[in-house]
Amino acid sequence: MSELLSAFHTHLAQTSPFPIALDIVGAEGCHITARNGQQYLDLVAGLAVNNVGHRHPKVVAAIKEQADRYLHVIPYGEFLQAPQVLLAERLASVLPESLNCTYFVNSGTEANEAALKLAKRITGRTKLVACHKSYHGSTHGSLSITGNEEKKYRNRPLLPDVHFMRFNVAEDLDMIDARTAAVVVEPVQGDAGVRIPGAAWMHALRARCTAVGAMLIFDEVQTGFGRTGKLFAFGHFGVVPDILVLGKAIGGGMPMGAFVSAAEHMRLLTHDPVLGHITTFGGHPVNCAAGLAALEVLLEEGMVENALRMGELFKELLVHPAIGEVRGTGLMLAVDLGDAGKVQRVVQGCLQRGVLGFWFLSCPTAFRIAPPLCITEELVRGACAAITQELDRL
Ligand code: PMP
């Protein structure tokens, strides 16, 4: 065992008993390079983070430029830091009018925590409604609204007054009532194994929230920034949330999260109490500079449209008797084999062939395909050939 691997196991806290433990020396575009010289085609994109690919030159240049000016200078919200302001302004320009004000935090889960607080402030209510099989993050509030009991049961007590409805089931919308502060929904469920709701349910959800005065929160941490073939997944449905939660790809590979709402809502966080939500590092100038560059790249290079095209190509090529279903939209795909053991063997086998796939938190019978959105037709064909060869060996 190398010294680095031994220290990895001894001194670095672990999250699972079986980490892949590839020793990474570089990453560029759609590829990751390990110390043994092996190149991997990345079908994970850092878990929906590297939407514009690894180390896009414009993102790296923006990081270097900002690092040459200033790093962290003061906790969020005090000074005028151009990268923060410019990214917030740019986000407003690509979002509907009612989502015109952004608060930057450090991660997806923190953005969800803050969104819940904001919804309570706006409504003066406490009840929260979320969906079965959802994933919203690993901190206490986000875990409370996560619909995966296995991830929660060791951490109780969690937030009170949280209720779960079935995703995409019309009759359960009755749970949303005049006591409800917020309804939190992934517009396409990610870690449940990529589940797309019907447009009618999404419209009924919006209508119900509006009718009872509950805040509709869309968690687009995983679906955001082109992943599903639209800049944001709510664009597929024509349904606009009251609060939009962002993370992952927002920082172009740097750690960041955000929640977005109308400026008049956000103002509630400035009084009674003052500093109603605060963070030291939120909106780090280097991360915002990277995020702004990544957003421009995503739009300039047509990556959102490419995600749609390449997603269709994956679906066209992944036809095999061992595949039960390929679900998804854009480059947010789940290949369901109907059997967890087979998924393990295919993911491991692909890794040996230099193709990195990955699992889902709450769907053991499927593996995920979520590469950088700049993936080319040639790479998609290569990936599908490798996957098909592994499926043949089952
Ligand atoms: N919401 C969704 C929909 C997610 O997929 C994730 C991460 N998988 C999170 C929230 C949590 O984000 P983070 O890991 O940055 O806290």
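Numbering (our numbering), first residue to last: -9 to 384. Backbone N, C-alpha and C fix where the C-beta goes; we use that ideal spot for every residue, glycine too.
Taking just the CA atoms, how far does residue j sit from residue i?
| i | j | result |
| --- | --- | --- |
| residue 210 | residue 18 | 25 angstroms |
| residue 264 | residue 347 | 45 angstroms |
| residue 86 | residue 366 | 31 angstroms |
| residue -2 | residue 167 | 49 angstroms |
| residue 92 | residue 162 | 31 angstroms |
| residue 320 | residue 361 | 10 angstroms |
| residue 255 | residue 278 | 22 angstroms |
| residue 202 | residue 170 | 8 angstroms |
| residue 125 | residue 138 | 7 angstroms |
| residue 351 | residue 128 | 12 angstroms |
| residue 306 | residue 23 | 28 angstroms |
| residue 387 | residue 8 | For the chain, the structure presents residues -9 to 384; residue 387 sits outside this window and is missing. |
| residue 297 | residue 262 | 44 angstroms |
| residue 280 | residue 96 | 14 angstroms |
| residue 309 | residue 205 | 41 angstroms |
Provide the residue span of the beta strand (DSSP E) that contains residue i, from first to last.
| i | result |
| --- | --- |
| residue 325 | 322 to 326 |
| residue 316 | 315 to 319 |
| residue 22 | 21 to 24 |
| residue 92 | 91 to 95 |
| residue 31 | 29 to 32 |
| residue 290 | Taken as a continuous stretch (DSSP letters only), residue 290 belongs to no beta strand (DSSP E), being part of the alpha helix (DSSP H) at 275 to 290. |
Kindly examine the ligand PMP and report whether one of its heavy atoms sits closer than 7 angstroms to the Cβ of residue i.
| i | result |
| --- | --- |
| residue 125 | yes |
| residue 237 | yes |
| residue 176 | yes |
| residue 0 | no |
| residue 180 | yes |
| residue 26 | no |
| residue 99 | yes |
| residue 102 | yes |
| residue 225 | no |
| residue 6 | no |
| residue 128 | yes |
| residue 151 | no |
Going by DSSP, which residues form a beta bridge with residue i?
| i | result |
| --- | --- |
| residue 117 | 170 |
| residue 348 | 358 |
| residue 215 | According to DSSP, which records beta bridges pairwise, residue 215 is partnered with nothing at all. |
| residue 208 | 175 and 234 |
Under 7 angstroms from any heavy atom of the ligand SAM, does the C-beta of residue i make it?
| i | result |
| --- | --- |
| residue 37 | Only the ligand PMP can be found as ligands here, which leaves the ligand SAM out of the picture. |
For the alpha helix (DSSP H) containing residue i, list its first residue and its last residue.
| i | result |
| --- | --- |
| residue 68 | Note, residue 68: premise wrong, no alpha helix (DSSP H); not H, not E. |
| residue 378 | 367 to 382 |
| residue 53 | 47 to 59 |
| residue 304 | 293 to 307 |
Is the Cβ-Cβ distance between residue i and residue j less than 8 angstroms?
| i | j | result |
| --- | --- | --- |
| residue 356 | residue 327 | yes |
| residue 53 | residue 276 | yes |
| residue 175 | residue 184 | no |
| residue 239 | residue 38 | yes |
| residue 51 | residue 247 | no |
| residue 273 | residue 29 | no |
| residue 20 | residue 182 | no |
| residue 229 | residue 89 | no |
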